[in-house]
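Read through the structure below, which is laid out as structure tokens, and then see the notes.
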Amino acid sequence: MLGRTAIRLIVVMLVMAFAGIAQGQDKLQNYFSDAACKVKVTTDPTQKREILDKSFDKMFKALNTVQGSPLISKDDKVGIDHYKAILQEKQDELAGLNGYERVSDAQLNAFADYVVQDMEQAKETVTISLVALLLIIIIVILVV
Amino acid sequence: MARAFSALRKRSSAHPFFHERHASVLHAFWRYCCLALGLFLFSCGPAPPAPRETAPGVESARPPGYIVVCVIHGDGGYLFHDPDGNDYRADEEALAGAKRVAERNPEAEVFIFHQKRRRHFLLFFPRHDGEFYYYRNGRLLVQESYWRDQGQSRFDPEVDLYNRFRLEEQPQPIRLFLYFGHEIPEIDGTGYDASYRDRAFTVNDLVDGLKRITRDSAKFDLVVLSTCFNGTPHTISALSPYARYIIASPGNLHLSYFDLRPFEALDVGLRDGDVSAFAKQYARQSFDRLTKDIQTEITVAVYDVGRVQGFLNSVDSVYDHALTTLKDEMRTSVEHCDCAEDPVYVRPAMSEGIDVFYRPARFGRSTHKQVHSGWECLKLLK
């Protein structure tokens, strides 16, 4: 009886892992798109900025947590660093730091779209393994 | 099977504890087992080919004036969102567009190859990861699933299917090749397929496929690379023997890709057989559509292959040397740049034979960059 239960549990875990791997990359893209949608339904520019800023912070926390994990390879750490650098540029531009002109209130919706589109294109140049990707998703969704 | 079941039922009915209800339960169980087995075998086997409306190569329809070969890579991260937050899969969208092109061109012979992510039935049984569609005179004649990992060369399965169904005797048709996917690497190339991480795919593999498709016949009149960063001296030079005109993006290209709608009426767009004019109009239209919603950089370039040879010859050795140097470098230490920004590539003939449609990103560090040479190069990050 115990053996049968253990087998069932393994099968369920395999199925979940398989589904997670297949959708891991998509979840990461959905994260920024969801933030952009929230920005667009908000009329107050201060709130728009807060939504974007929080989405960056949350992602940074997840990336830092995953980067510190012993499960992550050296290559993944380099990939995550690259991803963080791209994200940092966006956050700096939003706030007008590091040589950037602050994104004007009128442009916040367009900027939110820019973040979505640039991060969708970043996946071509940033290599992060599926394991790391899954960890990031889990942390973003469940922990942070 | 039915006979065995009857025998079992006969034997069981003699048993003192056997009731008719047990027999019906047993019968139902047996039927479900058969159904499950049938479904299992069906899912593991090749998808049944679509009924051919007419046997290819036999019917007497007029010979096609256009041959369109379309390769759509879908084995990777191809999800994108529109400004309303709706999500799309770039390969599925491109496939739908390619099918429309095939159905709306009664004068065309269209080959569509959809390279899909490898999936498994019940986790362990692999399913086909390629889907082939063959249209002629606007009608789907063949739909066939195939395995992508067969053969030595990357495009072996696609070239085999192309040769199996293409019409042998044709007067000079206009030949078009369309590729949709992520940037085709010039070096390394491993990891391009999510399902086959160790399998490499580079520009040389694409060139090999084109070489075998064109064989001794004429070049493709137009090759469209709907990818990021393939408007480079190396890629254009490598494709030169097999293309008269090439459309590619030297920069990032959003996953909504180039617009396929102009291909839906080839009889109109190519009425005079002027591929050059069609290519420029197509590039313009794609650029206009992309600029509506896209906030990142947009660059679409048309290369007149005959006229860009002077520039290509003058930078070939420099670019190849850069590629060789970069081969051993880590991918993250390499950055794309406009060739015009690196003095070693600047030549007087740089803009000869090339039409560029460019708009900088609306945000980021490059908003001030107002022109693009149409050529993309690689540089080491410091």
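Just so you know, the protein sequences line up as chains A and B, in that order.
When we follow my numbering, the leftmost residue of the first sequence carries the number 1, and every step to the right adds one.
When we follow my numbering, the leftmost residue of the second sequence carries the number 1, and every step to the right adds one.
Ideal Cβ positions, reconstructed from N, Cα and C, are used throughout, including at glycine.
Worksheet item: Out of B:312, B:222, B:308, which has the shortest C-alpha to C-alpha gap to residue 277 (chain B)?
Response: Per the Cα distances, B:222.
Item checked: Residues, ordered as in the chain, of the segment 217 to 231 of chain B that lie near chain A by beta-carbon distance below 8 Å -> Contact residues of the segment 217 to 231 of chain B toward chain A are 228 (C-beta to C-beta distance below 8 Å).
Discussion item. Quick check on DSSP: helix, strand or coil for residue 145 (chain B)?
Written reply: strand
Length-filtered (4 minimum) alpha helix (DSSP H) runs lying within the segment 156 to 192 of chain B: Counting whole runs of 4 or more residues, the segment 156 to 192 of chain B contains the alpha helix (DSSP H) stretches 156 to 165.
Residues of the segment 357 to 368 of chain B in Cβ contact with chain A at a cutoff of 8 Å, in chain order, please.
361, 362, 363, 364, 365
| Which whole runs of the alpha helix (DSSP H) in the segment 211 to 270 of chain B are 4 residues long or more, in chain order? | You should have 233 to 239, 266 to 269.
Where does residue 113 (chain B) fall in DSSP's three states?
strand
inquiry  = Rounded to the nearest angstrom, what separates residue 139 (chain B) and residue 264 (chain B) at their Cα positions?
reply    = Straight-line Cα distance between these residues: approximately 14 Å.
| query | For residue 114 (chain A), which residues in chain B fall below 8 Å Cβ to Cβ? | reply | 295, 296, 361, 362, 363, 364
Check your understanding: According to DSSP, is residue 315 (chain B) helix, strand or coil?
Key -> Here residue 315 (chain B) sits in helix by DSSP.
* Please report how far the alpha carbon of residue 297 (chain B) lies from the alpha carbon of residue 36 (chain A), in whole angstroms. => Those two C-alpha atoms are separated by around 19 Å.
message = Strictly under 8 Å for the Cβ-Cβ distance: is residue 383 (chain B) near chain A by that measure?
response = Since the first residue of chain B shown is 1 and the last is 382, residue 383 (chain B) is not available in this structure.
May I have the straight-line CA-CA distance separating residue 379 (chain B) from residue 122 (chain B), to the nearest angstrom? In a straight line, the C-alpha of residue 379 (chain B) is about 46 Å away from that of residue 122 (chain B).
Exercise for review: Check the Cβ-Cβ distances between residue 254 (chain B) and every residue of chain A, and say whether any is below 8 Å.
Suggested key: yes
For residue 130 (chain B), which of helix, strand or coil comes out of DSSP?
strand
Next item on the list: Give a yes or no on whether 8 Å exceeds the smallest Cβ distance from residue 67 (chain A) to chain D.
Entry: Annotation note: the requested chain D is absent from the structure, which comprises protein chains A and B.
To the nearest angstrom, how far is it from the Cα of residue 359 (chain B) to the Cα of residue 168 (chain B)? Roughly 44 Å between the two C-alpha positions.
With respect to 7 Å, is the separation between the Cβ of residue 342 (chain B) and the closest non-hydrogen atom of the ligand ADP below this value?
No copy of the ligand ADP appears in this structure; indeed no ligand is present at all.
Residue 29 (chain A) and residue 56 (chain A): beta carbons closer than 8 Å? no
Exercise for the section: Assign residue 352 (chain B) to buried or exposed, taking buried as 16 or more other Cβ atoms, counted over all protein chains shown, within 10 Å of its Cβ. Expected result: exposed
- Message: Please classify residue 207 (chain B) as buried or exposed, where buried requires at least 16 neighbouring CB atoms within 10 angstroms.
- Response: Residue 207 (chain B) comes out buried.
(request) Output the boundary residues of the alpha helix (DSSP H) element that contains residue 68 (chain B). (result) No alpha helix (DSSP H) holds residue 68 (chain B); the beta strand (DSSP E) holding it covers 66 to 73.
### Query
So, residue 363 (chain B) versus residue 114 (chain A), is the Cβ gap smaller than 8 Å?
yes
* Any beta-carbon of chain B closer than 8 Å to the one on residue 117 (chain A)? -> yes
| field | Assigned secondary structure, residue 97 (chain A) (DSSP; H/G/I helix, E/B strand, else coil) | value | coil
Legend entry - According to DSSP, residues forming a beta bridge with residue 336 (chain B): B:378
- Item | Where residue 383 (chain B) falls: helix, strand or coil (DSSP) | This structure does not reach residue 383 (chain B), given that chain B is present from 1 up to 382, and the question cannot be answered.
So that I know if they touch, is there some Cβ in chain A lying closer than 8 Å to that of residue 75 (chain B)?
Any Cβ of chain A closer than 8 Å to the Cβ of residue 75 (chain B) would place that residue at the interface, and such an atom is absent.
### Query
Do you know how far the Cα of residue 372 (chain B) is from the Cα of residue 294 (chain B)?
18 Å
Taking residue 385 (chain B) as the reference, which of B:314, B:173, B:365 has the closest Cα? For chain B, the structure presents residues 1 to 382; residue 385 (chain B) sits outside this window and is missing.
Worksheet entry | Span separating the alpha-carbon of residue 231 (chain B) from that of residue 375 (chain B) | 6 Å
Q: Please list, in chain order, all residues of the same chain as residue 72 (chain A) whose beta carbon is under 7 Å from its beta carbon, the five residues on each side excluded.
A: 66, 132
Short of 6 Å in beta carbon distance, which residues of its chain neighbour residue 161 (chain B), apart from the five on each side in sequence? Order them along the chain.
132
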